[in-house]
Amino acid sequence: METSLGSSTQTAGQEQTASQEPRREHRFICIGCPMGCELLVVTEVSEEGGPPSAVSGNACKIGERYGREEATNPTRVMTSSVRVLGGDMKMLSVKTARPIPKGKIWDCAEAMRGLSVNAPVKIGDIIIKNAASTGVDIIATRNIARGSA
Ligand code: SF4
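Residue numbering for the sequence shown follows the working numbering, starting at 375 and increasing by one per position.
What follows is the structure, encoded as structure tokens:
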């Protein structure tokens, strides 16, 4: 969870010079366990790309990995629902089978817009293959039998 919108730009100490590379600070709460460590991730953006990052505030390696990923390539499991035709329920809950880049969430939502599926549906059934070219499928998260809801 990001605790602030975007990232603040920080000077390197009090005396940033033109030769110093831009530094950015990101603050997150680690979601790896209930301790909720407050992470500080510092990235340095260079012309060569590939921002290296330093993570502090973490009590274990899980937090370090989470902090790096949140700062450089944040991902989320997306959940939603689609209409069901001929089922004992009208709506089917779905989710991405794995986390997807945050920047692709809108594209996946668009791919599901107006979509309906025919009953029956089983948990794990693929609703959309390779959603929005993410390489990740959108799958059903519940069973729905034939019927008339
Ligand atoms: S850094 Fe480790 S101990 Fe701290 S919240 Fe994350 S998983 Fe838990």
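For every residue, glycine included, the Cβ atom is placed at its ideal position computed from N, Cα and C. Given the structure is predicted, the values throughout are model-derived calculations rather than measurements.
Where residue i falls, given that 16 or more other Cβ within 10 Å makes a residue buried
{"i": "residue 453", "result": "exposed"}
{"i": "residue 386", "result": "Residue confidence is low: residue 386 scores 30 on pLDDT, short of 50, so the model does not pin down where it sits. Its coordinate-derived value is still stated next. By the neighbour-count rule (16 or more Cβ atoms within 10 Å), residue 386 is not buried but exposed."}
{"i": "residue 393", "result": "Below a pLDDT of 50, predicted positions are generally treated as unreliable, and residue 393, at 42, falls in that range; no measurement from the model is reported."}
{"i": "residue 472", "result": "exposed"}
{"i": "residue 522", "result": "exposed"}
{"i": "residue 512", "result": "buried"}
{"i": "residue 405", "result": "exposed"}
{"i": "residue 504", "result": "exposed"}
{"i": "residue 488", "result": "exposed"}
{"i": "residue 411", "result": "buried"}
{"i": "residue 477", "result": "exposed"}
Within 8 Å, strictly: CB atoms of residue i and residue j
{"i": "residue 485", "j": "residue 506", "result": "yes"}
{"i": "residue 525", "j": "residue 514", "result": "Because the chain here runs from 375 to 523, residue 525 falls outside it and cannot be looked at."}
{"i": "residue 427", "j": "residue 449", "result": "no"}
{"i": "residue 459", "j": "residue 516", "result": "no"}
{"i": "residue 501", "j": "residue 491", "result": "yes"}
{"i": "residue 419", "j": "residue 439", "result": "no"}
{"i": "residue 461", "j": "residue 493", "result": "yes"}
Nearest-angstrom Cβ-Cβ length linking residue i and residue j, presumed shorter than 8 Å
{"i": "residue 400", "j": "residue 444", "result": "7 Å"}
{"i": "residue 468", "j": "residue 451", "result": "Residue 468 to residue 451, Cβ: 11 Å. No contact."}
{"i": "residue 538", "j": "residue 437", "result": "Limits of the chain in this structure are 375 at one end and 523 at the other, which puts residue 538 out of reach."}
Range of the contiguous alpha helix (DSSP H) that encloses residue i
{"i": "residue 439", "result": "435-446"}
{"i": "residue 471", "result": "No alpha helix (DSSP H) contains residue 471, which DSSP labels as neither H nor E."}
{"i": "residue 483", "result": "479-486"}
Boundaries (first-last residue) of the beta strand (DSSP E) holding residue i
{"i": "residue 463", "result": "Run containing residue 463: none; DSSP gives neither H nor E here."}
{"i": "residue 403", "result": "397-403"}
{"i": "residue 427", "result": "427-430"}
{"i": "residue 413", "result": "412-418"}
{"i": "residue 500", "result": "500-502"}
{"i": "residue 514", "result": "512-514"}
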